[in-house]
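Under this note's numbering, the residue at position 174 of the sequence shown is numbered 214, and the numbers go up by one with no gaps.
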Amino acid sequence: MHNTKIHIAFLAVFCILFSCSNQQGKNVNAGMQIKGSDTIVNLVQVWAEKFSQINDGKNVGVTGGGTGTGFAALLNNTCDIAMASRQVEENEINLAKKQNITYKEFIVGLDGLAVLVNKDNPINYISIDQLRDIFMAKITNWKEIGGEDRPIVLLSRESNSGTHMFFKETVIRLNDINSKDEFSPKALLMPSSQAIVDEIYQNPNAIGYAGIGFMNDQTKALSVSAQNSIEYFYPTIENVMYGRYPISRPLYLYTNGEPKGIVKDFIDYALSEEGQKVVVETAFVPIKTEG
């Protein structure tokens, strides 16, 4: 009787291990998961669809949630690739090291952050300094910068968003690593870039920011001047590519260590000539290449 129980227990453990092994193998063979930045989720979804078509229909799941969510998923081994609209931070690197995880970074494109207002707003130009004062609530009425007598409604991404972090470092802190300046607590935190666009469309007093891929005829993008400059530049692909538009940034994919198998194949595709054409088609800016 005792031996029978041991045999049953052994068989149960064997079945569980066999099942888990098969499941892991199935996941590896079937495809992979990509999570993170909402800014590039549409771009990566197009990559995933095209990649699947040329790779025997292998499944590539793509979900947003913000750059911080992507890094956390990579850390927790719930995704194979993290999408990011900012670089991984030192505290995130240190946390990963404790779990024997090393983030490998790939720049896959460039983006400009468009400053968006309602299409009926008469303002067309804004300086970085004015933008900073608006999002720190030092300027609270549109009439203070030549607009109508209306209160300014601030829209921002949530703090786990790479877009939020980049805007804070570039606009609020003016790239000063010693600055501790923050968004005004009056800013309404929105769950996605699309939510910002939707709110601006229906709110004539609102101002927000989103990647240039979210620009459409329902809102209006402003031309922006850099600090101590009198030249204003509209957020176009060309102005981002040549560094004229002042709120621009790289876009990233991160893996745990050197990518292998299907993960490497996907990143190679994203960086290929065909993959970079998709970057342009989705209103982002391709990486400059020699030749």
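A virtual CB, placed ideally from N, CA and C, is assigned to each residue, including glycine.
Taking buried to mean at least 16 other C-beta atoms within 10 Å of its own C-beta, is residue i buried or exposed?
i	result
Arg190	exposed
Thr44	For Thr44, the pLDDT reaches just 45, beneath the cut-off of 50, and the residue's location in the model is therefore unreliable, leaving the point undetermined.
Ser196	buried
Thr142	exposed
Ile217	exposed
Ile94	exposed
Val320	exposed
Phe324	buried
Thr118	exposed
Gly301	exposed
Asn279	buried
Glu132	buried
Rounded to whole angstroms, what is the Cα-Cα separation between residue i and residue j?
i	j	result
Ser92	Val100	7 Å
Gly331	Ala227	Only weak support is given to the placement of Gly331: the predicted model assigns it a pLDDT of 41, under 50, and the question is left unresolved by the model.
Thr210	Asp96	42 Å
Lys137	Asn116	13 Å
Leu229	Glu198	5 Å
Ile212	Thr103	29 Å
Asn161	Gly71	46 Å
Tyr309	Pro244	42 Å
Thr276	Gly253	10 Å
Ser77	Ala124	5 Å
Asn158	Gln242	8 Å
Leu156	Thr107	21 Å
Ser342	Lys304	With the chain represented from 41 up to 331, any question about residue 342 goes unanswered, as that position is not in the structure.
Ile236	Asn82	16 Å
Ser201	Ser263	24 Å
Ile287	Gly297	30 Å
Glu222	Thr79	21 Å
Ser269	Gln73	43 Å
Val86	Val318	7 Å
Val84	Ala122	11 Å
Leu194	Gly315	35 Å
Leu114	Gly248	29 Å
Tyr294	Gln139	16 Å
Please confirm whether residue i and residue j have their CB atoms less than 8 Å apart.
i	j	result
Val128	Phe146	no
Ile185	Gln170	yes
Tyr332	Gly152	Because residue 332 is not part of the residues shown, which for the chain are 41 to 331, the question remains open.
Ile327	Leu150	yes
Thr259	Ser233	no
Ala154	Ala250	yes
Phe273	Ser224	no
Arg172	Leu214	yes
Quick one: measure Cβ to Cβ for residue i and residue j, integer angstroms, because I've assumed they're closer than 8 Å.
i	j	result
Ile168	Ala261	Ile168 to Ala261, Cβ: 15 Å. No contact.
Lys144	Thr109	That pair is no contact at about 19 Å.
* Quick one: which unbroken alpha helix (DSSP H) runs of 4-plus residues sit fully inside the region 239-302? Chain order, please. => 277-281
* Asked: What are the complete beta strand (DSSP E) segments, minimum 3 residues, inside the region 102-166?
  -> 121-124 and 143-158
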